[in-house]
Every structure is written in structure tokens, then in C-alpha cells.
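J.:
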Amino acid sequence: PPVTVDADCAAFVDVLVDDVELAARLKDPASARAALHDLRRRDRDAADLIEPLYGATYTPTVLRAGSAVNVIPTHAEACVDCRVLPDMPRDEVRRQVAAVLDPLGIEWEFEWVDMTEGGNRSPADTPLRDAIAAVLGRDVPDAVLAPMVSGSFTDSRWVRDAFPGCVAYGFAPFVHESLADMGGGRDHEPDERILVDDLVYQALFFERLARHLLAAGGRAGARPPA
Numbered sequence: 024p025p026v027t028v029d030a031d032c033a034a035f036v037d038v039l040v041d042d043v044e045l046a047a048r049l050k051d052p053a054s055a056r057a058a059l060h061d062l063r064r065r066d067r068d069a070a071d072l073i074e075p076l077y078g079a080t081y082t083p084t085v086l087r088a089g090s091a092v093n094v095i096p097t098h099a100e101a102c103v104d105c106r107v108l109p110d111m112p113r114d115e116v117r118r119q120v121a122a123v124l125d126p127l128g129i130e131w132e133f134e135w136v137d138m139t140e141g142g143n144r145s146p147a148d149t150p151l152r153d154a155i156a157a158v159l160g161r162d163v164p165d166a167v168l169a170p171m172v173s174g175s176f177t178d179s180r181w182v183r184d185a186f187p188g189c190v191a192y193g194f195a196p197f198v199h200e201s202l203a204d205m206g207g208g209r210d211h212e213p214d215e216r217i218l219v220d221d222l223v224y225q226a227l228f229f230e231r232l233a234r235h236l237l238a239a240g241g242r243a244g245a246r247p248p249a
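Heads up: the sequence shown begins at 24 in our numbering, then just goes up one per residue.
1. How is the beta strand (DSSP E) around Y81 delimited, first residue to last?
2. Reducing DSSP to helix, strand and coil, say where R216 ends up.
3. I need the straight-line Cα distance from R106 to D220, nearest angstrom please.
4. According to DSSP, simplified to helix, strand and coil, what is E130?
5. With three or more beta-carbon pairs closer than 8 Å as the criterion, would you say the segment 111-124 touches the segment 198-206?
6. Tell me E100's beta-bridge partners as DSSP assigns them.
7. Which complete alpha helix (DSSP H) runs does the segment 103-184 hold, if anything under 4 residues is left out?
8. Relative to the C-alpha of A156, which candidate in M111, D125, A47, L236 has its C-alpha closest?
9. Should P187 and Q225 be called a contact, given that it needs their Cβ atoms to be closer than 8 Å?
10. Hey, quick one: how far does the alpha helix (DSSP H) through C32 stretch, first residue to last?
11. Candidates E132, D165, T82, E212: which alpha carbon is nearest H98's?
12. Which residues mark the beginning and the end of the alpha helix (DSSP H) in which A209 is found?
13. Starting from I73, follow the alpha helix (DSSP H) in both directions and report where the run begins and ends.
14. Let me check understanding here. Comparing Cα to Cα, which of F176, D37, A239, E230 lies closest to P170?
15. When you compare each of I95, D104, P109 to T27 by their alpha carbons, which one comes out closest?
16. For R296, tell me which candidate among D210, E74, F229, H211 has the shortest Cα-Cα distance.
17. Below 8 Å between beta carbons: does that hold for Y77 and S145?
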């Protein structure tokens, strides 16, 4: 698919990638894919976080064809997990699929299955973001915030729809165990878990964040509560 690099994607790259030359290539749509390949050899976790920001992702998850070993099937079916950027129109997804299949000279049909209508996002520059930075900065002075778009699904999508103008970030600080330490995460695994120390700090962090926002009246710059 074509690469899209918006302001949030560029800011995210600048935070994750220390190599200035590589970061510049990652932010250039013409060189982004090749640069991502180079980054993956150095830092697979960073590459996996950046790639979904470039545009729609397509992952074949189910393939069906014939059932007899000695019979050539008359048709085949592929179910593809497709995840798109916020505000990307459905017609663009079909156009990208056609760009791959039409040159093959085959007949094909396209059908949406189990679809969730469009994603959304909250702006990166908000009083909530400033409050997160203030509270987190006191406890973790070296912390750097970066805007990102999740390649997975969170309830923030429904919250923004239900309350227009609401700012919702899928953010929770992990200060004792990183995503890399967790082997890429334990989401939906049989032993899904986090460290108790991280859970305790997250509860404390969100209490401080709420107090900070209430004390500031939604304005940035107030001193974080103790």
C-alpha cells in the first residue's frame, strides 16, 4: 500500500529512532518501506510500532479452497484482517486491493465481513496531554511522550463517538516492565498479566492525573499534586 506520513507519525518516529539519517528516511514516503526494513534489523519492536502508522495493513488470516487432494478447486477464498488509519474511506481499501489483484488477470470478488466502521483519533496537543506530561515527568523525569495510532482496538473509539469533542488516549504508564521485557506484550494470552508494581503505579498515576486536571481547571501548566 502507499505510504502516508502525517505529523503524528513523524513525531513518533523522531522519538523512537535516534539515528537522524534513518529517521529522515522513515519520514519520507519514497524511502519509508526500505528504511523500515533497515530499522527492523536493529529494533524490531520500534519497527512494529511504526509500520501501522504508514497506512492500511492487510494480514491474510484464513485461506479456503478445495478439499480433495487430486481435484483443482474452481475457486478460493481469503479472509484478510484489514486495519486502516482514522478517516481512511472504505473505497480506498478496495482500490488498494484492486491494485494488487487486477494485474493478475483473475476474476475476483470483494466483500466486507465483520466490519467496524471507521476509526477516529484525538488531537495530540491538548490540556490532557500536557497534564500527562506534567504528572509523568515528576515521577519519571526521562519520560518522553509521543503521539501514536494503535494498530489494535480500544474503547476510546466508542467514547469519542458517544461524546463529541472528548479527548481519549489509550495511555497507561509501564515503568517497571517494558513491552520488550514482556516479549512484545501478553495481550489475550492464557497468562495475560502485568507486574503488581506497574498496576500500583498506574492507579497512583491516574489519581494524580485527575487531581491535576481538576486543580488546573483543564489548563496546562499547573504543578502536579503530591
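Beta carbons are placed, not taken as given, at the ideal position from N, Cα and C, and that holds for glycine.
T.: A quick look at the data gives this:
1. Here residue 81 refers to the residue found at position 58 of the sequence shown. Run containing Y81: 80-87, per the beta strand (DSSP E) assignment.
2. Translated into positions along the sequence shown, residue 216 becomes position 193. Three-state DSSP puts R216 in coil, outside helix and strand.
3. On the sequence shown, position 83 is the one that residue 106 refers to. On the sequence shown, position 197 is the one that residue 220 refers to. In this model, R106 and D220 are separated by some 33 Å (Cα to Cα).
4. Within the sequence shown, residue 130 is the residue found at index 107, counting from 1. Coil, per DSSP.
5. The segment 111-124 vs the segment 198-206: no contact.
6. In the sequence shown, residue 100 corresponds to position 77, counting from 1. Paired residue(s): R87.
7. 113-124, 150-162
8. Stepping through the sequence shown from its first residue, residue 156 is reached at position 133. Ranked by how close their Cα comes to the Cα of A156, the residues M111, D125, A47, L236 have L236 in first place.
9. Residue mapping note: residue 187 aligns to position 164 of the sequence shown, counting from 1. Residue mapping note: residue 225 aligns to position 202 of the sequence shown, counting from 1. No, they are not a contact pair.
10. Here residue 32 corresponds to residue number 9 of the sequence shown, with the count starting at 1. Per DSSP, C32 belongs to the alpha helix (DSSP H) from 30-39.
11. Here residue 98 corresponds to residue number 75 of the sequence shown, with the count starting at 1. It is E132.
12. Your numbering for residue 209 matches position 186 in the sequence shown. The question names Ala, but residue 209 is Arg in the sequence shown. Going by DSSP, R209 is part of no alpha helix (DSSP H) at all; its letter is neither H nor E.
13. The count along the sequence shown starts at 1 and reaches residue 73 at position 50. That run of the alpha helix (DSSP H) goes 67-73.
14. Taking the first residue of the sequence shown as position 1, residue 170 is located at position 147. Measuring from the Cα of P170, the nearest candidate turns out to be D37.
15. Position 4 of the sequence shown, counted from the start, is the residue given in the question as residue 27. Minimum Cα distance to T27 is reached at P109.
16. As displayed, the chain neither begins before 24 nor continues past 249, which places residue 296 out of reach and without an answer.
17. Reading the sequence shown from its first residue, position 54 is the one you call residue 77. Reading the sequence shown from its first residue, position 122 is the one you call residue 145. The Cβ atoms of Y77 and S145 do not sit closer than 8 Å to each other.
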